[in-house]
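Protein sequence lines correspond, in order, to chains A and B.
Quick note: to get our numbering, add 17 to the position in the first sequence (first position is 1).
Quick note: to get our numbering, add 17 to the position in the second sequence (first position is 1).
The beta carbon of each residue, even a glycine, is placed where N, CA and C say it ideally should be.
Data first, discussion second: the structure below is written as C-alpha cells.
Protein chains: 2
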Amino acid sequence: MRISELSAQTGVTVPTIKYYLREGLLPEGERSSATQAAYGEKHVERLRVIRALLDAGVSIAETRRVLGALDDPPASANDLLGTAHAAITPPVDEALDLTEAERLVAGLGWKPGMCDPAVLHAAARALQGLERVGFSVQDAVMAEYLASMRRIADAEIAGVPGESAEAAVRYVVLGSVLVEPLLLALRRVAQQVSSGERFGGDAGS
Amino acid sequence: MRISELSAQTGVTVPTIKYYLREGLLPEGERSSATQAAYGEKHVERLRVIRALLDAGVSIAETRRVLGALDDPPASANDLLGTAHAAITPPVDEALDLTEAERLVAGLGWKPGMCDPAVLHAAARALQGLERVGFSVQDAVMAEYLASMRRIADAEIAGVPGESAEAAVRYVVLGSVLVEPLLLALRRVAQQVSSGERFGGDAGS
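So, in C-alpha cells, the structure goes:
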C-alpha cells in the first residue's frame, strides 16, 4: 500500500509517518519508484506499537531502544529479561553508589550478579532522589513494596509465553513499558480509595 | 546569600538557577539592589526538590504542578489526595471511554465519585495503550496488580503524617512522584530474579 493508505488505515498523518521514518522508528517501505514506496502489514503493526509507546509517555530515544529489542530478540530465554531490560533502561551511571540499592533488593531474593547492572542503577538513582529531598520510606511501607513487586514479578514471569523467543521478547518488553503507567495509575486510585476509608466520607470528587 | 553562594551550596550552576527562576520553578530572591537578590534556606530546600523531580524524569510542566501543590495545600485531609493527584496528573481527556477502567478499579474497592477523574483517566489511557498493541494482561497477573496496589496504598496511607496539612501534602506529592521510579525499578529487578529462578542459572549477567 502507499503512504496515504498506511495513514488512512492507522489514523497516523502522513507528515507524522515521515517523521517516524526519518527518526528510524519505522523501517522504509519497499521502493517501487524514485518517489514511491510500498508499505505492508508489518508497517501497520509497527505504527501501532510506536503510537502506544509514545502515548504511554515513552521518549523517542527509549522507543527506539524498545523497537530494537523487539527486532533483535536474544537467543536464550535465560538472557531474555536482562537484554530486554538493558535495552529499555537508561545507561548505567558509573559514579553511583550501589550499596543501599543492593541491600534493598536483597529483600527481593536478589544476589550479586543476578541482574542487569542498568536496572540496579535505576533503583539506586531512585533512592538517591528520595534521599536528596529528605524523604524516607517507612520500613513497613518499604517491606510492602518489596513483597508486592516480588509477587507481581512471579505472576508475570509465570505467564511468559514459551512458544518462541520473539513472542517472549514482545511480552517482556511491551509488558515492562506499557504496564508501568497502568500500575502507577492503579496505585493512585488505590491511594484515594484507601484515603477515603481512613479519613471518612468521599475522597474528594 | 547571593546567587553564587546558593549555587555553591546546592551544586546547581548559576545559569541553571537563572533558568529555574525564569521558568517560575524557583521563587525570586529578596531584591537587595537593582542587580542583586538575596536567597535563603527556602531556596536551598526548593532547589533540592526541583533537582530530585527533574532527575526522576519528571517534566518541567509536571514539576511546576508538583511545586504548586506543595505551596498551596488543601484545607482538609479528606481532599488532600484528590487535590494533590489532580495537580500532578495530566488533564483529563473527555473523549476517553472509562467503562473498562471503572470495571477494573472496582477490584480496588473503588466506587463512582470516589476519586479524582484525572487519575481514572490515566488508568483508562494505560489500558487503551495496551489494547492498541493487542497486549492482554492475563487474569491472574491483573488480580495480582490490583491486590498489590491496594496493599501498597493501605501501607502508604496508614503512614501519612497527621501533624500538619503541609507535611501531609509533601508526603503525598513527593511520595507519589518520587517513589514511582523506585517501584518500577524494583519490579524490573524482581522480574530478573524470578526469571533466573524459572529458567535456571543466572538471569543474564
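Per-residue DSSP class, three states only, for residue i
i	result
B/R19	coil
B/G28	coil
B/G126	coil
B/Q209	helix
B/P198	helix
A/S193	helix
A/L64	helix
B/E214	helix
B/T80	helix
B/L43	coil
B/G99	helix
B/V186	helix
A/L203	helix
A/G221	Low confidence applies to A/G221: its pLDDT is 41, below 50, so where it sits in the model is not reliable, and the reading given next is rough at best. Reduced to three states, the DSSP call for A/G221 is coil.
Residues that DSSP places opposite residue i in a beta bridge
i	result
B/R48	B/A54
Residue i, enclosing alpha helix (DSSP H) - first and last residue
i	result
A/K35	V31 to R39
A/D89	No alpha helix (DSSP H) holds A/D89; DSSP gives it neither H nor E.
A/A116	Looking at the sequence provided, one finds Thr at residue 116 of chain A rather than Ala. Counting along the chain, the alpha helix (DSSP H) containing A/T116 begins and ends at T116 to V122.
B/D110	Looking at the DSSP string, B/D110 is not in any alpha helix (DSSP H), and its letter there is neither H nor E.
B/L147	P134 to R149
A/S165	D156 to A175
TODO: Using a Cβ-Cβ cut-off of less than 7 Å, give me the residues of the region 108 to 140 of chain A that come near chain B, in sequence order.
DONE: Within the region 108 to 140 of chain A, the qualifying residues are V122, L125, G126, W127, G130, M131, C132, D133, V136, L137, A139 and A140.
Open item on the list: Which residues of the region 193 to 206 of chain A have a Cβ closer than 9 Å to any Cβ of chain B? Give them in chain order.
Closed with: Against chain B - using a Cβ distance shorter than 9 Å - the residues of the region 193 to 206 of chain A are S193, L195, V196, E197, P198, L199, L200, L201, A202, L203, R204, R205 and V206.
- [ ] Determine which residues of the region 55 to 69 of chain A have a Cβ less than 9 Å from any Cβ of chain B, and write them out in chain order.
- [x] Residues E62, R65, V66, R68 and A69.
- [ ] Compile a chain-ordered list of the residues in the region 161 to 186 of chain B whose CB is closer than 7 Å to at least one CB of chain A.
- [x] For the region 161 to 186 of chain B, the beta-carbon criterion of a distance under 7 Å to any beta-carbon of chain A is satisfied by E161, Y162, L163, S165, M166, R167, R168, I169, A170, D171, A172, E173, I174 and G176.
Open item on the list: At a CB distance below 9 Å, what residues from the region 38 to 49 of chain B approach chain A? Give them in sequence order.
Closed with: Those residues of the region 38 to 49 of chain B that come within reach of chain A (Cβ to Cβ, closer than 9 Å) do not exist; the list is empty.
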